[in-house]
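Enquirer: Residue numbers (the UniProt record's numbering), protein chains in the order written: chain A, 1 to 95; chain B, 1 to 95; chain C, 1 to 95; chain D, 1 to 95; chain E, 1 to 95; chain F, 1 to 95; chain G, 1 to 95; chain H, 1 to 95; chain I, 1 to 95; chain J, 1 to 95. Quick one: the structure is below, questions incoming.
Protein chains: 10
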Amino acid sequence: MLFAVQMDIDLPVEMDPAVKADTLAREKAYSQELQQAGEWVHIWRCVGRYSNLSIFDVADNDRLHEILWNLPLFPYMTIEVTPLARHPSDIALLD
Amino acid sequence: MLFAVQMDIDLPVEMDPAVKADTLAREKAYSQELQQAGEWVHIWRCVGRYSNLSIFDVADNDRLHEILWNLPLFPYMTIEVTPLARHPSDIALLD
Amino acid sequence: MLFAVQMDIDLPVEMDPAVKADTLAREKAYSQELQQAGEWVHIWRCVGRYSNLSIFDVADNDRLHEILWNLPLFPYMTIEVTPLARHPSDIALLD
Amino acid sequence: MLFAVQMDIDLPVEMDPAVKADTLAREKAYSQELQQAGEWVHIWRCVGRYSNLSIFDVADNDRLHEILWNLPLFPYMTIEVTPLARHPSDIALLD
Amino acid sequence: MLFAVQMDIDLPVEMDPAVKADTLAREKAYSQELQQAGEWVHIWRCVGRYSNLSIFDVADNDRLHEILWNLPLFPYMTIEVTPLARHPSDIALLD
Amino acid sequence: MLFAVQMDIDLPVEMDPAVKADTLAREKAYSQELQQAGEWVHIWRCVGRYSNLSIFDVADNDRLHEILWNLPLFPYMTIEVTPLARHPSDIALLD
Amino acid sequence: MLFAVQMDIDLPVEMDPAVKADTLAREKAYSQELQQAGEWVHIWRCVGRYSNLSIFDVADNDRLHEILWNLPLFPYMTIEVTPLARHPSDIALLD
Amino acid sequence: MLFAVQMDIDLPVEMDPAVKADTLAREKAYSQELQQAGEWVHIWRCVGRYSNLSIFDVADNDRLHEILWNLPLFPYMTIEVTPLARHPSDIALLD
Amino acid sequence: MLFAVQMDIDLPVEMDPAVKADTLAREKAYSQELQQAGEWVHIWRCVGRYSNLSIFDVADNDRLHEILWNLPLFPYMTIEVTPLARHPSDIALLD
Amino acid sequence: MLFAVQMDIDLPVEMDPAVKADTLAREKAYSQELQQAGEWVHIWRCVGRYSNLSIFDVADNDRLHEILWNLPLFPYMTIEVTPLARHPSDIALLD
Chain A
1 MLFAVQMDID
11 LPVEMDPAVK
21 ADTLAREKAY
31 SQELQQAGEW
41 VHIWRCVGRY
51 SNLSIFDVAD
61 NDRLHEILWN
71 LPLFPYMTIE
81 VTPLARHPSD
91 IALLD
Chain B
1 MLFAVQMDID
11 LPVEMDPAVK
21 ADTLAREKAY
31 SQELQQAGEW
41 VHIWRCVGRY
51 SNLSIFDVAD
61 NDRLHEILWN
71 LPLFPYMTIE
81 VTPLARHPSD
91 IALLD
Chain C
1 MLFAVQMDID
11 LPVEMDPAVK
21 ADTLAREKAY
31 SQELQQAGEW
41 VHIWRCVGRY
51 SNLSIFDVAD
61 NDRLHEILWN
71 LPLFPYMTIE
81 VTPLARHPSD
91 IALLD
Chain D
1 MLFAVQMDID
11 LPVEMDPAVK
21 ADTLAREKAY
31 SQELQQAGEW
41 VHIWRCVGRY
51 SNLSIFDVAD
61 NDRLHEILWN
71 LPLFPYMTIE
81 VTPLARHPSD
91 IALLD
Chain E
1 MLFAVQMDID
11 LPVEMDPAVK
21 ADTLAREKAY
31 SQELQQAGEW
41 VHIWRCVGRY
51 SNLSIFDVAD
61 NDRLHEILWN
71 LPLFPYMTIE
81 VTPLARHPSD
91 IALLD
Chain F
1 MLFAVQMDID
11 LPVEMDPAVK
21 ADTLAREKAY
31 SQELQQAGEW
41 VHIWRCVGRY
51 SNLSIFDVAD
61 NDRLHEILWN
71 LPLFPYMTIE
81 VTPLARHPSD
91 IALLD
Chain G
1 MLFAVQMDID
11 LPVEMDPAVK
21 ADTLAREKAY
31 SQELQQAGEW
41 VHIWRCVGRY
51 SNLSIFDVAD
61 NDRLHEILWN
71 LPLFPYMTIE
81 VTPLARHPSD
91 IALLD
Chain H
1 MLFAVQMDID
11 LPVEMDPAVK
21 ADTLAREKAY
31 SQELQQAGEW
41 VHIWRCVGRY
51 SNLSIFDVAD
61 NDRLHEILWN
71 LPLFPYMTIE
81 VTPLARHPSD
91 IALLD
Chain I
1 MLFAVQMDID
11 LPVEMDPAVK
21 ADTLAREKAY
31 SQELQQAGEW
41 VHIWRCVGRY
51 SNLSIFDVAD
61 NDRLHEILWN
71 LPLFPYMTIE
81 VTPLARHPSD
91 IALLD
Chain J
1 MLFAVQMDID
11 LPVEMDPAVK
21 ADTLAREKAY
31 SQELQQAGEW
41 VHIWRCVGRY
51 SNLSIFDVAD
61 NDRLHEILWN
71 LPLFPYMTIE
81 VTPLARHPSD
91 IALLD
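Set out below in structure tokens:
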């Protein structure tokens, strides 16, 4: 089941550099693990902003919440979730 | 070059059924042609709304505008364009 | 899978009374059929507004979109969908 | 009398862990006590956000305010209250 | 039980004068009847706008919705409802 | 001359308890003095929020500003002022 | 007593030219009469918009509402009223 | 003196084709005349929208308003004006 | 050339009293100097808010920016600038 | 490829003066280097605000993001990016 997720990150300017580096490293590893597993299907940077637009393919709402809630950057994020459905013009439906 | 495009459609309730059917058929054909050509990479329906979230991969801004401006439903749409860049956590960069 | 759905209805003041009565009757029947089937779990009127707040329990995003898209009042509605997950304080989890 | 209550929580990132743990434990106990008593009818997590959507069934406005004002997390919350009425399509009215 | 209700009216400029006069007369009578009955406690004009701020004292949410839904001007209104509770600084509590 | 005034209070969570208690006590005394004097006509708590909706009856704009500016909680408040006029449907005009 | 009033005008494109010309002529005469009388103190055009920013000096709220309500363009306007008070830095207070 | 001007155009879908063609032709001629004269310095299309972002270099506010007010598409536009000043980092200041 | 300028001030509650007093004294002197010089034409307090609405009459955009940028309270302000033009109904044009 | 970029800067009032001076000097040098290189085509100050409106001419989205992400003031900025296309009325197309 697909969801579009917009994540806007707001790190405090005075954040401890070591804590920041560690958090970002854990965020990257966490994201890549989920990408490898096929649940985090796309991740794009929004130009000029500390934000990403991502597409998730998960079993259900509870699983999506579990993934997002455990993001190392979650306490610094504003997240907007849009549930997606199949579009009737999608050529994948032609097959 | 990637862009996220959110399209919200607002058709007049009293639209002539024949005009509406024709416009929707042309919209679908136009979209599928661009999907086949690889410029309209993804199209998803936003659940519960007459809207889609799409990803375009185009040569430049002028080409993206040309595509959107010529959508048969363009006069009925509100469109929001977000330029996308590669995200440093994208596993595609691991290769 | 649970979703909160806010529906705001905006009927044209000059709507034909027969069309309006028929549309409302079909909307009511459609809603009650889905309530009987257990997919439309709750429906509440928002006080002072032509709006309702509803809770749906559906198999997936595609099914929710199918239900909402086919509402007789859909062309007159603004709809906002919020995916819901289990809350850790919910006493249903105590059992 | 029913009310929909949207609660958005914003805990400071640097909150003392012991204070945080204690506050969350008291919040959970407080919520579950009111759920057991039948005044806090539903509580759902909004996916991807530190928020919940709840339904309260209380005697009157003063009682609802008393409940919300005394939430251990109240100082960290933004709360939106929507009074609910019976909806004419509700199948509970068919009996 | 008290509620603040903000009503913003938007009459079509081309509204039939007789229909308009009749609607306004019925609105006024309806409002005054409820004022006499003690349920519509205050009504004030918001300066420079076709709007009023009103205070209602009603038995419950369902009664408030019934009153507002049946306003002759309801189809032309945008309504915002704020439930009110007793304020601890209110001198009425000193007695 | 009547004004509706919406006051939203945002006290810092880490405010010194003694300063807070003193400020709230002065706010309450200040409000009650103006209520006794007939200038602060109504004060209601907005359910679920640290806010009040108040009605003031003052000589002019300068007096209203003087009252609000000197509120002990003024530095913590967001205030919205709506000038009110007599409403033609007000039954007080029937006498 | 001073008020800042922002008036945004939205005339229908298809308005009858004679009706439009007559309405605008009456609006101008009405405005100039009140300027001559000293109640409409300033009127400025907001650059690039069909809007004006005006300052009124009136006896009270009821008089301001009476003036605005009777503007020939009132049915086409969105109006925002800001009550003004003397500013402590105003050099008029130095005298 | 420089101004950034954002113009969003909203043509009615059912606009008479001849009127539309004539209006657009006059708009284009009007714009190009002002570009030739050096007052309309830049005009860019905002991708995916019936909008442009323009830069004007005019003698004063009154002249800018005169230009915008007389745009053939003015009745169909929403316009936002931002006054611009020289930026201290502008390399034009290095000379 | 006229501009309306809305200034909203947000001083930190814990600001050092001596710094605050000094800043406010410099702000007042700065404002009054510009009022005496005829560039700061009007200054009004917005009732109930730490805000003012001012009218400036300056040579050009660069001068306006210079004035505002050097306000002692500038770092604490949110400023909105509206360029003004002569209004065709202004009786000053009758002379 | 052209983009309009709106940058709003929000420096903490209590920022260390040496850090601030250094950051601003690096920002200026960085901007001027890109202006010299022809990628940062225009930079204008928005009157009365700590903001600029800039035009960039870059190879693609990734390059624009790289430029903006590395701005010394980036952690203090809110940035809005608008992709631009050629406008059909642009006289540059007449050649």
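Using N, Cα and C, we set each Cβ at its ideal position, and we do this for glycine too.
Can you grab the Cα-Cα spacing for the pair Glu-39/F / Leu-2/F, in whole Å?
Expert: 9 Å
Enquirer: I need the straight-line Cα distance from Gly-48/D to Leu-84/B, nearest angstrom please.
Expert: 22 Å
Enquirer: If Val-5/J and Phe-56/J are in contact, beta carbons under 8 Å, what's the gap, nearest whole angstrom?
Expert: 6 Å
Enquirer: Got a sec: is the Cβ-Cβ distance from Val-13/G to anything in chain H below 9 Å?
Expert: yes
Enquirer: Check the Cβ-Cβ distances between Arg-45/J and every residue of chain I, and say whether any is below 9 Å.
Expert: yes
Enquirer: So, at 8 Å on beta carbons, what are the nonlocal neighbours of Tyr-30/F in its own chain, with the 5 sequence-adjacent residues on each side left out?
Expert: Asn-70, Leu-71 and Pro-72
Enquirer: Quick one: residues in its chain with C-beta nearer than 8 Å to the C-beta of Asp-10/D, no 5 flanking neighbours on either side, listed in chain order?
Expert: Tyr-50, Tyr-76, Met-77 and Thr-78
Enquirer: Tell me, which residues are paired with Val-5/F by DSSP?
Expert: Ser-54/F and Val-81/F
Enquirer: Terminal residues of the continuous alpha helix (DSSP H) containing Arg-26/J?
Expert: 17-37
Enquirer: Note down, in chain order, each residue of its chain lying with its Cβ closer than 8 Å to the Cβ of Arg-45/F, except the 5 sequence neighbours on either side.
Expert: Only Ser-51 and Asn-52 meet the Cβ criterion.
Enquirer: What are the boundary residues of the alpha helix (DSSP H) that includes Ile-91/A?
Expert: Segment: none, Ile-91/A is in no alpha helix (DSSP H) and carries neither H nor E.
Enquirer: Could you pull out every residue in the same chain whose Cβ sits closer than 6 Å to the Cβ of Leu-24/E, ignoring the five residues on either side in sequence?
Expert: none
Enquirer: Hey, how far is the Cα of Ala-18/F from the Cα of Ser-89/F?
Expert: Using only the alpha carbons, I get a separation of about 48 Å.
Enquirer: When every heavy atom of the ligand PLP is checked, does at least one fall within less than 8 Å of the C-beta of Lys-28/C?
Expert: Of the ligands one can find in the structure shown there are none, so the ligand PLP has no counterpart to examine.
Enquirer: Figure out for me which residue from Ile-67/F, Gln-36/F, Asp-16/F and Gln-35/F has the closest Cα to the Cα of residue 147/F.
Expert: The shown model of chain F, from 1 to 95, leaves out residue 147/F, and the question about it has no answer.
Enquirer: Label Leu-64/H either buried or exposed according to how many other C-beta atoms from any shown protein chain fall within 10 Å of its C-beta, with 16 as the threshold for buried.
Expert: buried
Enquirer: Near Met-7/F, what residues of its chain come up, given a Cβ to Cβ distance below 6 Å and the 5 sequence neighbours on each side ignored?
Expert: Asn-52, Met-77 and Ile-79
Enquirer: Contact criterion: CB-CB distance below 9 Å. Does Glu-80/B meet it with respect to chain H?
Expert: Chain H places a beta carbon closer than 9 Å to that of Glu-80/B, counting this residue as a contact.
Enquirer: Secondary structure at Arg-45/F, three-state DSSP: helix, strand or coil?
Expert: strand
Enquirer: To the nearest angstrom, how far is it from the Cα of Glu-27/F to the Cα of Asp-16/F?
Expert: 16 Å
Enquirer: May I ask you to list the residues that DSSP assigns as paired with Trp-40/J?
Expert: Paired residue(s): Phe-56/J.
Enquirer: Are the beta-carbon atoms belonging to Ile-43/I and His-87/G less than 9 Å from one another?
Expert: Contact: yes.
Enquirer: When burial is assigned at 16 or more other CB atoms within 10 Å of the CB, is Gln-36/I buried or exposed?
Expert: exposed
Enquirer: Bridge partners for Arg-63/D per DSSP, in chain order?
Expert: Paired residues: none, contrary to the question.
Enquirer: Tell me the rounded alpha-carbon separation between Glu-33/G and Leu-94/F.
Expert: For the pair Glu-33/G and Leu-94/F, the Cα-to-Cα distance works out to about 32 Å.
Enquirer: At the 9 Å Cβ level, is His-65/D part of the contact set with chain F, yes or no?
Expert: yes
Enquirer: Between Lys-20/E and chain F, is the shortest Cβ-Cβ distance under 9 Å, so that the two count as touching?
Expert: no
Enquirer: Hey, Asp-60/D and Asp-60/E: beta-carbon distance below 9 Å or not?
Expert: yes
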